[in-house]
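>
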Amino acid sequence: MLKLLFLTVCCSCVFAQDATAAREKMDVFRLPNSTEPISYTLDVQTFIDPQNNQFTFTGTVNITIRVKTSTEELTLNVDDLKINKIDVTTDSTTKVEVAGNHVVAKNEQLIIQFKSPGLIADRVYNVQIAYSGELRNDMTGFYKSWYKDEDGSVKWLAVTQFEPTYARRAFPCYDEPAFKTPFTISVTRLVKQISLSNMPIAKQTIEQSVTQGGPKYVRDQYQTTEPISTYLVAFSVSEFVNTTKDQRIYIYTHGDYINQATYIEERANKLLNLMEIYTNIPYTYSKIGLLAVPDFSFGAMENWGLNTYREKYLLVTNKSTEKDKEFVITVVQHELSHQWFGDLVTCSSWNYLWLNEAFATLFEYFAVQAAEPDWRTGDMFVIEQHQEALAYDHRPRHPITATVNTPTEIQDIFDIITYNKGASVLRMLNHALNDDLFRTSLTLYLNTYKYKAAEPKNLWSSFDSVIFDANYKSGILGNTITVEEFMRSWTDQAGYPVIKIDTSSPNYIGISQKKYQVDVPKSNSTTLWHIGLSYTTQLNKQFNNLQPTVWMNNTETEISIPLLFDEGWVIFNIQSTGFYRVNYDLKNWNRLIAELKSNPKTIHVLNRAQLIDDSFNLARAGELSHFVPFTLVSYLQKEDDFIPWYSVLNSMSFIVERLRRCPHTGAQVKNFAKTYAEIAYKKVSDQYEKNDGKHLTKTSMQAFSNWACKLDVELCVKSALNYFNAWEKNGTEIPPDVKEAALCSGVKNGTTDTWNYVFELFKKTSSTSERQASLLALACSTNSTVLSNYLNLLLDGNCPIRPQDYKTVFKSLTSTPVGINVTTEFLQNKINESLSNMWEGEEMIMLMYSHLASSVATVKEINEINAIRRLTYLSPALKESFDDSYKEVELNSAYFERCHPLMHEWFDPPSPTTIAPSSAISNSYQYFNVIVLSLIFVTTLVNINYFNVIQ
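Take the sequence shown: its letters are residues -16 to -1, 1 to 935, numbered as in mature numbering (1 follows the signal peptide of the UniProt record, and there is no 0).
#1: Given this structure, state the Cα-to-Cα distance separating V312 from T55, to the nearest angstrom.
#2: Return the residue from the list I515, T586, P801 and K498 that minimises the CA-CA distance to Q522.
#3: L886 to P893, Cα distance in whole Å?
#4: Touching or not, the segment 603 to 619 and the segment 573 to 591, by the rule of three or more beta carbon pairs under 8 Å?
#5: Report yes or no: do the segment 398 to 411 and the segment 439 to 447 share at least 3 C-beta pairs separated by less than 8 Å?
#6: Kindly indicate which residue of P266, S222 and I47 has the alpha-carbon position closest to the one of S129.
#7: Quick one: what does DSSP say P628 is sitting in, helix, strand or coil?
#8: Given that a residue counts as buried once 16 or more other Cβ atoms are within 10 Å of its Cβ, and exposed if not, what is R232?
#9: Skipping 5 residues on each side, what residues in its chain have a beta carbon closer than 6 Å to that of T208?
#10: Would you call the segment 379 to 390 and the segment 415 to 424 in contact, with 3 or more CB pairs under 8 Å?
#11: Does the beta-carbon distance from T305 to P720 come in below 7 Å?
#12: Identify, in the order they occur along the chain, each residue of the same chain with its Cβ nearer than 7 Å to the Cβ of N907, setting aside the five sequence neighbours on each side.
#13: Can you grab the Cα-Cα spacing for the pair T53 / D106, in whole Å?
#14: If you count every other CB in all the chains shown that lies within 10 Å of the CB of P481, and 16 or more means buried, which is it?
#15: Where does K309 land, buried or exposed, given buried means 16+ other C-beta within 10 angstroms?
#16: Which same chain residues, not among the five before or five after F921, have their C-beta less than 6 Å away from its C-beta?
#17: Can you tell me the Cα-Cα spacing of F470 and V409, whole angstroms?
#18: Classify D363 as buried or exposed, calling it buried when 16 or more other Cβ atoms lie within 10 Å of its own Cβ.
#19: With a threshold of 8 Å on Cβ separation, who are the neighbours of Y380 within its own chain once the five nearest residues in sequence on each side are excluded?
#20: Around the Cβ of I104, are there at least 16 other Cβ atoms within 10 angstroms (buried) or fewer (exposed)?
#21: Is it right to say V914 is buried, meaning 16 or more other beta carbons lie within 10 angstroms of its own, or is it exposed?
#22: Where D135 and L745 are concerned, what is the direct C-alpha to C-alpha distance, given to the nearest angstrom?
#23: Report the option in T149, S179 and N17 whose CA atom is closest to the CA atom of residue 945.
#24: I need the DSSP call for N491, collapsed to helix, strand or coil.
#25: In the structure shown, what three-state DSSP assignment does F126 receive?
#26: To the nearest angstrom, how far is it from the Cα of A900 to the Cα of E889?
#27: What span of residues does the alpha helix (DSSP H) with Q526 cover, start to end?
#28: Per DSSP, L620 is paired with what?
#29: What would DSSP say about K871, mapped onto helix, strand or coil?
#30: DSSP three-state label for N110, please.
#31: Mind pulling the beta strand (DSSP E) runs of 3 or more residues that sit fully within the segment 312 to 338?
#32: Please name the residue or residues paired with residue 938 in a DSSP beta bridge.
#33: Mind checking whether S684 and F626 have CB atoms under 7 Å apart?
#34: Would you identify the three-state DSSP class for H382, choosing helix, strand or coil?
#35: Whose C-beta lies closer than 6 Å to the C-beta of W359 among residues of the same chain, with five residues either side of it excluded?
#36: Would you give the residue range spanned by the alpha helix (DSSP H) that K748 belongs to?
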């Protein structure tokens, strides 16, 4: 009937209908530029009645808009809402006739059509839309969540998650970050509930019940916000309670958990003050709420004035690990940093998401370093952000400044490139300039664009302006390029360079750059960067001057530094401030190994970590013989700082997983890693048992006990089982920082009853940290039947594992050979059942397969998941996702084929008469005999023989 009605209207409406039909055929995800919002008034009421299975909401949104160009249709974003009524009036309340409306579902848009003359340019209109919807169960938009109170009763709440494109699931809107406008929000809820939103409550009104004797409602009207993007709007309805010690920051959770908010409550105000001091800009609002949500897909969300968190990132008990306490602090700092970077100044497009997330990630570490200097979060940044970003970005990904259009594409860039790499290049810029210039520039940027949406060029112009006003004549970016020129070479192109250092000449150091590529054969990339190089020498040993002293432009592949005399070894990229890898000639590698063996502390701890990480990854890429990293790590018997050990853990774990394909060499590689895991475990456990009180000791105890026990280090397993048995038999508490290793070892070496005992702990504990440890331990079983039953729980509608934790289940299961086989068998037999019965079944199947693709190593495992992607009954979406994930299998297989012979050569060296393998295996393998001879020559100096290491 609607189509017939359209055919009876005037010609202009027929044209509008044709335009709508054309729009529906196209994938048009961006809103037209013909109108813009001036302000919103949003009124929402929830109806939560679990007895009648009613979880709904109604709403009315009034959007005041300005028309930029005359138009006969208005396009807004809408997804999965029922539109009940639309009224459009001029600013003088004259009604504008609406011809009809149409939802283009695939574009998530509502098109409102008008009778001629439509909306006239340079005029203001009020668009009022009444609508309704279901509270969602996928943790997006306006969704429902639940918890059990102390007496076991189920309590329900409703909460929002709008980033990046989910506000349209709660109200019709201009759901793009550039549209920043004030919001006046009202929420109607039951008397026994509370509502929360971005602002403090301005007015409360008792609402009349719809039916006599029915429930009583209260309408909470909130103060009007500053201009804000739709994705930062937030509101919730619950029976939560809050802390009240600090009248500026409130923590909200349900009553039984309120005592778990004490830890962050005592620290949050300090974290907020740090951002005010650093930016020299006071926090905009009078209050900020931190809301702990039982079901939350992200870690946390920075909604302006009402941050939302997964419970484990806000709540702390005496059973929390030291690392989980750190996570609470750093995640809260991340979201508080967003109140300036993202909320006060917002990225104008999701292409520039890093303007929000890279800064928040940077301050997540360095503000906490200022708050807790003994925690060494600044050093851990190099391990957790810088090195992880290097590892992720070594294959073709996307630039930091991305190009995205669809909601799926937008969601996909919430990744390591945007967060880790973005933060790392900002850290690089900080050191390329200096702290004062960096800070002053950011303050100018925030003040200039506050309450607005910004682009990278706005940020760079703030830097260049400050540098100009400071009248710097030299020393800034080599005095040749602007900040924009420098940074665009890092933000606008994917990947990063490897710097090759040649010390063979007595007169100069040769330096060359090329794109680092891990896969062979390598593409003929001509990508170059503006690179600031810092370095020191054996004679100088200056590790604290982090500002670059040598510059390479993005037109230079080679430069040289003159030498007056041989200064011994050289190290480039002091304290890993630059986002690149460094390779050296054999002469310099040998000198560095000798230095590390004799006196490692003469080299800065972050450069010791860098040498380990770079050497292993250069060998992985075929740029260096594995002989070098395998020899370099022999110094670790003298390494008493835990930071470099994380680089060892990460590098060796990758090799162990990939070499499972060969039982013989795989066992040798595992034993090699096991030797170092045992050294690390002994060092950290000695300090832990002495109770040295250091934060890094406690967090490292968790990391290295997990590593050592996974590799079956006897000392670790014995200690873990002692803890587990005492807990299982006598209820003796396991120290939090070893609980994960203890529970895993107990399950791994126990029976079905043991597994059930740990599962009961998972279901009953009120500690989020203990719940996480027990969930991870459940995947440690070596019984395939037990693991199969575990995975099948996700098909049960009453599964006690929350959907937010499914990813943890998949990742932990696919970390062991038994778990890989069980997960593979599940996909072979239960894809259709999962589509019907598992929460967000299709998405979970894709996630499961992607974890398998990253983990499989043996020929049998690879063949089986290859067969799964060829199943004839797969939907096109599943088929496409499986094929994309399988590329990781192919790349990892190519690594094995390339590197396995080299590993075999290391562990089973040929007799002197054996001919060396072809250099085609590795770009550097042609130098193998030279390396051997050179290292034999210096063996008395550097003690490189592996077997000497393990005596």
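In this text, a Cβ means the ideal position worked out from N, Cα and C, and glycines have one as well.
Reading off the structure:
#1: 49 Å
#2: T586
#3: 10 Å
#4: yes
#5: no
#6: S222
#7: helix
#8: exposed
#9: P166 and T168
#10: no
#11: yes
#12: Note that N907 has pLDDT 35, beneath the 50 cutoff, so the model's placement of it is unreliable and no number is given.
#13: 7 Å
#14: buried
#15: buried
#16: Confidence in F921 is poor, its pLDDT being 33 and thus under 50, which makes the residue's placement too unreliable to answer from.
#17: 11 Å
#18: buried
#19: Looking at the sequence provided, one finds Pro at residue 380 rather than Tyr. The answer, listed in chain order, is A478 and G479.
#20: exposed
#21: Residue confidence for V914 is low, a pLDDT of 36 falling below 50, so the modelled location carries little weight; the figure read from the coordinates is stated next. Answer is exposed; the Cβ neighbour count stays below 16.
#22: 18 Å
#23: Summary: the structure shown does not reach residue 945, with the chain confined to residues -16 through 935, and so no result is reported for it.
#24: coil
#25: strand
#26: A caution first: A900 carries a pLDDT of 38, below 50, which makes its placement in the model unreliable, though a value can still be read off. Their Cα atoms are separated by approximately 9 Å.
#27: It is not in any alpha helix (DSSP H) - Q526 carries neither H nor E in the DSSP assignment.
#28: DSSP lists no partner for L620.
#29: helix
#30: strand
#31: 329 to 331
#32: Only positions -16 to 935 of the chain appear in the structure, and residue 938 is not among them; the question remains open.
#33: yes
#34: coil
#35: H679
#36: T736 to K748
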